[in-house]
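Engineer: Numbered by my numbering, the letters in the sequence shown go through residues 130 to 343 in order. My structure is below; once you've seen it, I'll send some questions.
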Amino acid sequence: MRLLNGDVLGAEEALAQAPIYNDVDRLRWHVVRAELDRRAGDVAGAQQAMDQVNGELMRHMRTLGRLFPEVYALRGVAIETPPWTVRCSLAGPVRIWMYDIELQLRSTRPAAGLLALLVTHGGRVSRERALDALDLPGRTPDARRKALSAAVAELREVLGWPESVAVQGGVLALSEEPVWLEPDYPAPGREDLFCEGRYDPWVLEWRSERLVLN
């Protein structure tokens, strides 16, 4: 994920620590190594890395190939590149997937509440709206502002790149680079499952309004 988001240094560090327990781990390791070499202009190194993987396993691991089609092509396996999509589920605890890979988001953290608020409001909210809407720690306005900044930083860490959440002119906005798919909502009559486990003021309002409407 770090490599896909352009964090080459982070990908190198993660790869150095990645354990290899089986053939699938080995394939993933060599694919990332090859992509790092390819991006650095070392085509020979990329080819050498890919020559060490199981070609039959590559054909079965087509999702991985969709993420790294150039290095798959080094072994003659052509894969169509998918669009860069992000999908959230608000039907239960807040969850998020990128390229159909679930990211490590802790649904009880303020970052999850901020993500849910953004994806349900067109990807943009004012700082003041976020401060009023979220269940942030701190009793003073200054403490709450610091907590919101920490939530933004945490959400950027989850998504994987610094520009994933922009803060400019008093507005918080999700990056428009990926395609943000429509979030998953609870089925009618199960509004209580919306952002399950969260007690942000805006979440409680959402549940109450839908319960009345239904």
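Glycine residues also receive a C-beta, built at the ideal position from the N, C-alpha and C atoms. Predicted model, so just to flag it, every value in this text is computed and none were measured.
1. Assess, as a yes-or-no matter, whether the stretch 315-322 is touched by the stretch 331-340 under the definition of 3 or more beta carbon pairs within less than 8 Å.
2. Whole-angstrom Cβ separation of residue 208 and residue 222, contact assumed at under 8 Å?
3. Provide the residue span of the alpha helix (DSSP H) that contains residue 301, from first to last.
4. Since I believe residue 277 is in contact with residue 215 (beta carbons under 8 Å), could you give me their beta-carbon distance rounded to a whole number of angstroms?
5. Only counting runs of 3 or more residues, tell me where the beta strand (DSSP E) segments fall wholly within the stretch 168-227, in order along the chain.
6. Where do the N-terminal and C-terminal ends of the alpha helix (DSSP H) with residue 273 fall, by residue?
7. Since residue 283 and residue 240 should fall inside the 8 Å C-beta cutoff, what is the C-beta to C-beta distance between them, to a whole number of angstroms?
8. Excluding the five sequence neighbours on either side, which residues of its own chain have a C-beta within less than 6 Å of the C-beta of residue 292, listed in chain order?
9. Count the other CB atoms within 10 Å of the CB of residue 225; is the residue buried (16 or more) or exposed (fewer)?
10. Rounded to whole angstroms, what is the Cα-Cα separation between residue 133 and residue 295?
11. In chain order, what residues of the same chain have a beta carbon less than 7 Å from the beta carbon of residue 188, not counting five sequence neighbours either side?
12. Mark residue 263 as exposed unless 16 or more other C-beta atoms lie within 10 angstroms of its C-beta, in which case mark it buried.
13. Under DSSP, the beta strand (DSSP E) around residue 147 begins and ends at which residues?
14. Report the rounded CA-to-CA distance for residue 169 versus residue 135, giving the unit in angstroms.
15. Between the Cα of residue 315 and those of 213, 220 and 142, spot the shortest distance and give me the residue it belongs to.
Structural biologist: Per the coordinate set shown:
1. yes
2. That belief does not hold up - the Cβ atoms of residue 208 and residue 222 are roughly 32 Å apart, past 8 Å.
3. First-last for residue 301: 300-303, but that is the beta strand (DSSP E), not the alpha helix (DSSP H).
4. In fact, because the Cβ distance is near 21 Å, the residues do not count as touching under 8 Å.
5. 214-218 and 224-227
6. 270-288
7. 4 Å
8. 304
9. buried
10. 19 Å
11. 206
12. buried
13. Looking at the DSSP string, residue 147 is not in any beta strand (DSSP E), and its letter there is neither H nor E.
14. 12 Å
15. 220
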